[in-house]
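Following: one structure in structure tokens, then a few remarks.
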Amino acid sequence: MKKAVLTLEGTLSDVVAVSEAAAKAIAVNDRVRQRLYRELHRLHERRGALAKAPDITRGRKRILWQALWGFLLSAGLSAALTAAVMFGPSDRKSTYITAEQAASVASPAAVIGIVLLAVALFLPVPARPAARYGTVCTLIVGLFVVGLVTFRAATGVADDRGFDTGQVAPWLIKMTLTLALLALLAWRLNRKRLLELQRDLSPAARKEAMRNLRSAAEHLAATSVEHWDRGASGSVSAAWKAQLKQLEQQGTPSHVIAQAQAIGPIAWLARFVYGGDFNGDLRRILSR
127 MKKAVLTLEG TLSDVVAVSE AAAKAIAVND RVRQRLYREL HRLHERRGAL
177 AKAPDITRGR KRILWQALWG FLLSAGLSAA LTAAVMFGPS DRKSTYITAE
227 QAASVASPAA VIGIVLLAVA LFLPVPARPA ARYGTVCTLI VGLFVVGLVT
277 FRAATGVADD RGFDTGQVAP WLIKMTLTLA LLALLAWRLN RKRLLELQRD
327 LSPAARKEAM RNLRSAAEHL AATSVEHWDR GASGSVSAAW KAQLKQLEQQ
377 GTPSHVIAQA QAIGPIAWLA RFVYGGDFNG DLRRILSR
């Protein structure tokens with residue numbers, strides 16, 4: 127393992143095995159597991175954000191992918207906004223659009239928007255500045271849609287547009303789904319934007335960020351089981367001892383077992399996550 131808050135003893139396979147045992151011991155208490163794992167995932171994300179990740183999209187492929195992704199997002203946002211505007215309040219522009227015409231436009235536009243936004247939600251986000259622009263555009267459209275949906279939900283059919291319940295109810299369902307997709311997409315794009323900002327830190331700022339990360343890892347490692355759930359230490363400690371005994375019987379080196387006993391399962395996992403020297407092991411371990 128790399129130098130971490132405290133270097134973990136043993137080979138990588140030994141460290142992973144003890145980490146799995148620590149996760150099993152903590153899992154005997156659901157409250158401890160849920161609260162601790164949430165903090166471990168946050169620590170892992172911060173650690174990964176500070177790692178220098180090379181841009182795998184270069185040259186023409188990068189430009190094409192940015193253009194395709196941008197078109198997909200723009201089309202999805204435009205369709206969602208169109209579907210919302212069709213059921214908006216009465217004004218001079220809507221005077222010449224009947225309720226039937228508005229519904230005939232809004233229904234397919236909403237479906238198209240839902241499909242395109244769902245696809246954009248799961249596709250890889252291109253390199254910057256796509257995440258920044260995407261976040262801003264998604265939030266702006268989302269706010270407009272929220273306003274229009276709120277208006278129509280409050281007004282219903284009680285205005286001079288002439289809508290009936292059979293038109294408004296399906297529209298509200300589709301727009302609710304659209305809003306959920308917009309919220310998820312904005313969250314994902316903003317998360318990508320923040321990660322890119324951390325990767326772009328200057329050497330001095332990166333050093334400070336690593337110092338803060340180390341402090342966070344040290345604080346997490348120093349917490350006890352009682353910190354996460356009062357009265358849980360007994361069951362977790364018993365499970366931890368049983369797991370270490372099983373590892374010892376399987377041939378795990380004694381010095382590794384000794385360190386694990388000395389620092390406990392929470393500190394072991396915190397230092398394992400901070401070390402960052404693993405390939406997908408954390409996701410597998412914490413998904414148990």
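If you want our numbering, it's the position in the sequence shown, counting the first as 1, plus 126.
Where is the CB? At the ideal position from N, CA and C, for every residue including glycine.
Compute the beta-carbon to beta-carbon distance between P255 and W195, rounded to the nearest angstrom, for a pair I have assumed lies under 8 Å.
The Cβ separation is near 12 Å, so there is no contact.
4 or more residues per run - each alpha helix (DSSP H) lying fully within the segment 360-412
Counting whole runs of 4 or more residues, the segment 360-412 contains the alpha helix (DSSP H) stretches 380-401 and 407-412.
Span separating the alpha-carbon of V294 from that of L303
When rounded, the distance between both Cα atoms is 14 Å.
What do you get for L269, buried or exposed, if any count of 16 or more other CB atoms within 10 angstroms of its CB means buried?
By the neighbour-count definition (other C-beta atoms within 10 Å, threshold 16), L269 is an exposed residue.
If you draw a straight line from the C-alpha of L416 to the C-alpha of L249, how long is it?
A query on residue 416 cannot be resolved here, the shown segment of the chain reaching from 127 to 414 and no further.
Member of S359, W354 and L207 whose CA lies at the smallest distance from the CA of K300:
Here the closest residue by C-alpha is L207.
CB L247 to CB L339, shorter than 8 Å?
No, they are not a contact pair.
Going by CA-CA distance only, name the one from W354, M336 and Q369 that's closest to R172.
That would be M336, whose Cα lies nearest to the Cα of R172.
Quick check on A279: buried or exposed, where buried means 16 or more other Cβ atoms within 10 Å of its Cβ?
Result: exposed.
Using the Cβ count rule (16 or more neighbours within 10 Å means buried), how would you classify R397?
With 16 or more other CB atoms across the displayed protein chains lying within 10 angstroms of its CB, R397 is buried.
Start-to-end residues for the alpha helix (DSSP H) that takes in G174
Unbroken alpha helix (DSSP H) run through G174: D156 to A175.
Endpoints, the alpha helix (DSSP H) within which P234 is located
Note, P234: alpha helix (DSSP H), A225 to F248.
By a C-beta neighbour count over all protein chains shown, 10 Å radius and 16 as the cutoff for buried, is I152 buried or exposed?
Looking at its Cβ environment, which holds 16 or more other Cβ atoms inside 10 Å, I152 is buried.
State whether the segment 350-357 contacts the segment 375-382, with contact taken as three or more CB pairs (one from each stretch) at a distance under 8 Å.
Taking 8 Å as the limit for Cβ pairs, the verdict is that the segment 375-382 does not touch the segment 350-357.
I'd like the list of long-range same chain contacts for F277, defined as Cβ closer than 8 Å, with 5 residues on each side in sequence excluded.
These residues qualify, in order along the chain: G214 and P215.
Which value, in whole angstroms, describes the spacing of the CA atoms of P234 and L199?
P234 and L199: Cα-Cα distance of roughly 17 Å.
Out of A228, G202, R157 and L395, state which residue places its alpha-carbon closest to the alpha-carbon of V211.
Distances from the alpha-carbon of V211 to those of A228, G202, R157 and L395 put A228 closest.
Using 8 Å for Cβ pairs, my map puts A236 next to A201. What's the rounded Cβ distance?
Rounded to the nearest angstrom, the Cβ distance from A236 to A201 is 13 Å, too far for a contact under 8 Å.
Rounded to the nearest angstrom, what separates T183 and W191 at their Cα positions?
Because the pLDDT of T183 is 44, which lies under 50, any placement of that residue in the model is unreliable, and the question is left without a value.
I'd like to know whether the C-beta atoms of A175 and L315 end up nearer to each other than 8 Å.
Going by C-beta atoms, A175 is not nearer than 8 Å to L315.
Below 8 Å on the Cβ atoms is my guess for Y400 versus A331; work out the distance and round it to an integer in Å.
Contact flag wrong, Cβ pair sits at about 19 Å.
Considering only residues of the same chain and omitting the five flanking positions on each side of R258, which have a CB-CB separation below 6 Å?
Cβ within range, chain order: R319.
Just how far apart, CA to CA, sit G390 and R157?
Their Cα atoms are separated by approximately 18 Å.
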